[in-house]
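Trainee: First residue of the first sequence: 130, per our numbering; consecutive thereafter.
Take a look at this one; I'll ask things after.
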Amino acid sequence: MTINRETAQLLERVAAVFRVKEGDTFRVKAYNNAAAVIENLGEPIDNLWKENRLDSVPGLGEGIQKYLSEYFTKGRVRHFDSQFKKVPAGMFSLMSIRGIGPITAYKIAKKFKLTDEKTAIKKLSLLIKQKKLKNLEDFKDKSVLRLTKSLKINSTGKGRILLSEAFKIAEEYINYLKKSPHSIEAEPLGSLRRKLATVGDIDLAVNSNNPSKTMEHVLSYPNISSVITSGEKVSHVKLKNGFEVDIKISEPMGWGSLLQHYTGSKMHNIHLRTIAKDKGLSLSEYGVKKGKKLLRFNTEIDFYRYLGMQMIPPEIREDGGEIELAQRNMLPTLVEQKDIKGDLHIHSDFDYPSSHDLGESTLHEILRQAQKQKYQYVGIADHNPKITGLSEKETKRILIERKKYLEKNFRTYEKSVKTRTLKLLIGMEVDIRPDGDLALSDKLIDTFDYIIVSIHSSFEKSKEDNTERILNALSHPKAIILGHPTGRIINSREPIPADWPKIFDYCAKNGKMLEINAYPDRLDPQEDLIKLAINQGVRLIINTDSHHVGHMELMKFGVWQAKRGFAGKQDIVNTRPLQDFLRVLK
DNA sequence: GCCGTTTTCGGCCCGACTGTTTTCAGTCG
């Protein structure tokens, strides 16, 4: 569990205790809100604490900040522990089941003395089998049935998944939805539409002239394994692959409002509502209420205009300053996929004793794909040869052979397609070693057009050490790109700590580029760091880190990540045409 | 507990769906 999830869960639990033990629902809301904010943070919350930046997070006030400090220092919070003593611990695991909130969880856990988190769900299943749950007032047959269903789903349910995975599932469903004669259009909603690196539930919307017929179509999707809830406007289903999908239906008149409302984020919408309220308006998924009159909106542009601001692109609707900019008509024009003119981080299938994994596609395949994507330049950046067991002389021989291989294949490619519209750059991705040295001698590095420097080992080093390592690596004149800067692997490796403002300052002053790595389980760096880098004047480059020709199409994920960091075309170096780009490279 | 270009007190987003109910509480997003 990541530190952000762990911290969010702690606060959610405190909120749950307050919910069942006290009447103050606003305090509950404050804790839940703080939990949500932490969960969606772009960087580890304990990093913020270490740097005394907790007060920069909206939703964390004096009180919760104090508790968090105690938590990170001592590993526990006295005040929280005393709250937890008031309830049977089993209630917390029960809350992970859909349909069970704090109140139901408490009721069940108390009645049946479920004091152990680890066994509570198992015991609940047993109680249902033994038909003992009906002993609980309010719990009639239908409730038990619903619970049984949820429990079954719970055991096979999945957590947050990669954007790329959610995207694929959503795309298939959307294609199906569009086939209904009554549907006009279908779109993703929520974090999927905002292009968050990970997605919890998949939410979709259909614009329809005949909602009831369309809902029938929605529920007839062949990949559904069970319908969890279904109403006339909203249904929630579970697919055969285990993923849950929410589908909302709107008539054309209210399409813009629905799309806007369910795209969120929650914090973005709450901020909009406070603005609306000041104008005497009230917002909902149906539109804007002015007194008793409901104003509906066909498009999101109309909706935002009515509130007195520019249309805000979904990718930046996180209440991270976008609303204030939109009100002043100062939103940046964000970078688009069509702006990208090259990709400098591609691994080829040239076979040699490499320090890390080789690519799987030939140069011809890579070049063909690059042309398909209308690129003007392509950079091959294989990993450096391994450092143990190879003499400098052998390494040199490998690199010469590789260069010959790439150049020769490039020439035969040009001949075969009879065009010269593509420029090949020969680079290399060179490891930043634990001590900050590069894994290739200066002399050999000089033979490349450019190198990308990346950390591939010793991820546990301190913030100071990492900062030194990176600055040292970037000091080489050919080291112009810092590859996957934080090294995070989503759901498996945390980003490394480093003094990013200091590193960005160095990059800005020395023309070094920060890579936005488009590979879906990296999407590195996170949006907050992209924002910071742009503010410090750092040049960015979006690369795919392709190890297969198919990966080159993942560029869109990097573009979306850049957008989430408020990046405009001018901030991204590989939007520049070839000659311009080559000047920057020098 | 959080928050403030009317406020350091007094507000705190809004609605669908479900189950068990004749008006609502709990849960979810």
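Beta carbons: idealized from backbone N, C-alpha and C, even for Gly.
(1) When you compare the CB positions of Ser570 and Gly612, do they come within less than 8 Å of one another, or not?
(2) Would DSSP call Tyr433 helix, strand or coil?
(3) Would Pro706 and Gln505 qualify as a contact pair, given that the criterion is a beta-carbon distance under 8 Å?
(4) Output yes or no for whether 8 Å exceeds the beta carbon distance between Asn338 and Gly385.
(5) Flag this pair as yes or no: are the beta carbons of Lys86 and Lys362 separated by less than 8 Å?
(6) Count the other CB atoms within 10 Å of the CB of Pro217; is the residue buried (16 or more) or exposed (fewer)?
(7) Taking a contact to mean a Cβ-Cβ separation below 8 Å, would you say Ile670 touches Asn639 in this structure?
(8) Can you grab the Cα-Cα spacing for the pair Ala238 / Gly616, in whole Å?
(9) Just mark His680 as buried or exposed, buried being the case when its beta carbon has 16 or more other beta carbons within 10 Å.
(10) To the nearest whole angstrom, what separates the beta carbons of Pro624 and Gln665, a pair I think is in contact under 8 Å?
(11) So what's Asp175 in DSSP terms, helix, strand or just coil?
(12) Is it a yes or a no for the region 522–532 touching the region 487–496, going by three-plus beta-carbon pairs under 8 Å?
(13) Answer yes or no: do Leu368 and Ile357 have a C-beta to C-beta separation smaller than 8 Å?
(14) Let me know the secondary structure DSSP gives Gly192 once reduced to three states.
(15) Round the Cβ separation of Gly488 and His365 to the nearest angstrom and send it over; I've been treating them as touching at under 8 Å.
(16) Kindly confirm or deny that the region 678–698 and the region 460–471 touch, where touching means at least three C-beta pairs closer than 8 Å.
(17) Could you have a look at Pro317 and say whether DSSP puts it in helix, strand or coil?
(18) In the structure shown, what three-state DSSP assignment does Tyr534 receive?
(19) Can you list, in chain order, the residues of its chain with a C-beta nearer than 8 Å to that of Pro443? Leave out the 5 residues immediately preceding and following it.
(20) Rounding to the nearest angstrom, what Cα-Cα distance links Lys685 and Arg457 in this structure?
(21) So which of Gly192, Glu180, Glu314, Arg693 has the shortest CA-CA distance to Ile445?
(22) Out of curiosity, what's the CA-to-CA distance linking Asn513 and Phe577?
(23) If you measure between the beta carbons of Asn601 and Glu644, is that distance less than 8 Å?
(24) I think Ala145 touches Ala164, with their Cβ atoms under 8 Å apart; what is that distance to the nearest whole Å?
(25) Buried or exposed, going by whether 16 or more other CB atoms sit within 10 Å of the CB of Ile516?
(26) According to DSSP, simplified to helix, strand and coil, what is Leu519?
(27) Closest to Phe633 by CA distance: which of Ile618, Ile609, Ala647, Leu661 is it?
(28) Can you tell me whether Arg207 is buried or exposed? The criterion is at least 16 other CB atoms within 10 Å of its CB, across all chains shown.
(29) For Ile229, which of helix, strand or coil comes out of DSSP?
(30) For the region 196–281, list the alpha helix (DSSP H) runs that are entirely contained and at least 4 residues long, ordered along the chain.
(31) DSSP state of Ala608, grouped into three classes?
(32) Go through its chain and collect everything with a Cβ distance to Arg402's Cβ below 7 Å, but skip five positions before and after it.
(33) I need the straight-line Cα distance from Glu168 to Thr524, nearest angstrom please.
(34) In the structure shown, what three-state DSSP assignment does Gly385 receive?
(35) I need the DSSP call for His493, collapsed to helix, strand or coil.
(36) Less than 6 Å between C-beta atoms, sequence neighbours within five positions excluded: which residues of the same chain meet that for Glu199?
Mentor: Once the coordinates are examined:
(1) The residue you call residue 570 lines up with position 441 of the first sequence. The residue you call residue 612 lines up with position 483 of the first sequence. No.
(2) Residue numbering aside, residue 433 sits at position 304 when the first sequence is read from its first letter. If DSSP states are grouped into helix, strand and coil, Tyr433 belongs with the helices.
(3) By 1-based counting over the first sequence, the position of residue 706 is 577. By 1-based counting over the first sequence, the position of residue 505 is 376. Result yes, Cβ atoms of Pro706 and Gln505 sit closer than 8 Å.
(4) Position 209 of the first sequence, counting from 1, holds the residue named residue 338. Position 256 of the first sequence, counting from 1, holds the residue named residue 385. No, Cβ-Cβ distance for Asn338 and Gly385 is not below 8 Å.
(5) Here the chain comprises residues numbered 130 to 715, so residue 86 is not present and cannot be evaluated.
(6) Along the first sequence, one-based indexing puts residue 217 at 88. Answer is buried; the Cβ neighbour count reaches 16.
(7) Here residue 670 is taken as the residue at index 541 of the first sequence, counted from 1. Here residue 639 is taken as the residue at index 510 of the first sequence, counted from 1. No. Outside cutoff.
(8) Position 109 of the first sequence, counting from 1, holds the residue named residue 238. Position 487 of the first sequence, counting from 1, holds the residue named residue 616. Rounded to the nearest angstrom, the two C-alpha atoms are 42 Å apart.
(9) Position 551 of the first sequence, counted from the first residue, corresponds to residue 680. That one is buried.
(10) If you number the first sequence from 1, residue 624 lands on position 495. If you number the first sequence from 1, residue 665 lands on position 536. 18 Å between Cβ atoms; not a contact.
(11) Here the question's residue 175 lines up with position 46 in the first sequence. If DSSP states are grouped into helix, strand and coil, Asp175 belongs with the helices.
(12) no
(13) Counting from 1 along the first sequence, the entry for residue 368 is found at position 239. Counting from 1 along the first sequence, the entry for residue 357 is found at position 228. Not a contact, by the Cβ cut-off of 8 Å.
(14) If you number the first sequence from 1, residue 192 lands on position 63. Three-state result, Gly192: helix.
(15) Reading the first sequence from its first residue, position 359 is the one you call residue 488. Reading the first sequence from its first residue, position 236 is the one you call residue 365. The pair is not a contact, with the Cβ atoms about 41 Å apart (cut-off 8 Å).
(16) Touching, per the Cβ criterion.
(17) Working through the first sequence from its first residue, we reach residue 317 at position 188. In the structure shown, Pro317 sits in a strand (DSSP, three-state: E or B).
(18) Mapped onto the first sequence, residue 534 falls at position 405. Of the three classes helix, strand and coil, the one that applies to Tyr534 here is helix, per DSSP.
(19) Looking up residue 443 in the first sequence gives position 314. Closer than 8 Å at Cβ, skipping near neighbours: Arg322, Arg323, Lys324, Thr392.
(20) For the purposes of this step, residue 685 is taken as residue 556 along the first sequence, with counting starting at 1. For the purposes of this step, residue 457 is taken as residue 328 along the first sequence, with counting starting at 1. Cα to Cα, the separation comes out at about 29 Å.
(21) The count along the first sequence starts at 1 and reaches residue 445 at position 316. Measuring from the Cα of Ile445, the nearest candidate turns out to be Arg693.
(22) Taking the first sequence and counting its residues from 1, one reaches residue 513 at position 384. Taking the first sequence and counting its residues from 1, one reaches residue 577 at position 448. The alpha-carbon atoms of Asn513 and Phe577 are separated by roughly 12 Å.
(23) For the purposes of this step, residue 601 is identified with residue 472 of the first sequence, where counting begins at 1. For the purposes of this step, residue 644 is identified with residue 515 of the first sequence, where counting begins at 1. Going by C-beta atoms, Asn601 is not nearer than 8 Å to Glu644.
(24) Position 16 of the first sequence holds residue 145. Position 35 of the first sequence holds residue 164. That pair is no contact at about 10 Å.
(25) Start at 1 with the first residue of the first sequence, and residue 516 comes out as number 387. Ile516 is exposed by the Cβ-count criterion.
(26) Your numbering for residue 519 matches position 390 in the first sequence. Note: Leu519 maps to coil in three-state DSSP.
(27) Counting from one through the first sequence, the residue named residue 633 turns up at place 504. Out of Ile618, Ile609, Ala647, Leu661, Leu661 has the C-alpha closest to the C-alpha of Phe633.
(28) Locating residue 207 in the first sequence gives position 78, where the first residue counts as 1. When all chains shown are included, Arg207 counts as exposed.
(29) Along the first sequence, one-based indexing puts residue 229 at 100. Reduced to three states, the DSSP call for Ile229 is coil.
(30) The region 196–281 contains these whole alpha helix (DSSP H) runs: 207–213, 219–223, 231–240, 246–258.
(31) Here residue 608 corresponds to residue number 479 of the first sequence, with the count starting at 1. Ala608: strand per DSSP, three-state reduction.
(32) Locating residue 402 in the first sequence gives position 273, where the first residue counts as 1. Excluding residues within five positions, the ones whose Cβ falls inside 7 Å are Leu412.
(33) Numbered from its first residue, the first sequence carries residue 168 at position 39. Numbered from its first residue, the first sequence carries residue 524 at position 395. Roughly 45 Å separates the two Cα atoms.
(34) Within the first sequence, the letter at position 256 stands for residue 385. Gly385: helix per DSSP, three-state reduction.
(35) The residue labelled residue 493 in the question sits at position 364 within the first sequence. Residue state, collapsed to three classes: helix.
(36) The residue labelled residue 199 in the question sits at position 70 within the first sequence. Closer than 6 Å at the Cβ level, and outside the excluded window around Glu199, lie Val206.
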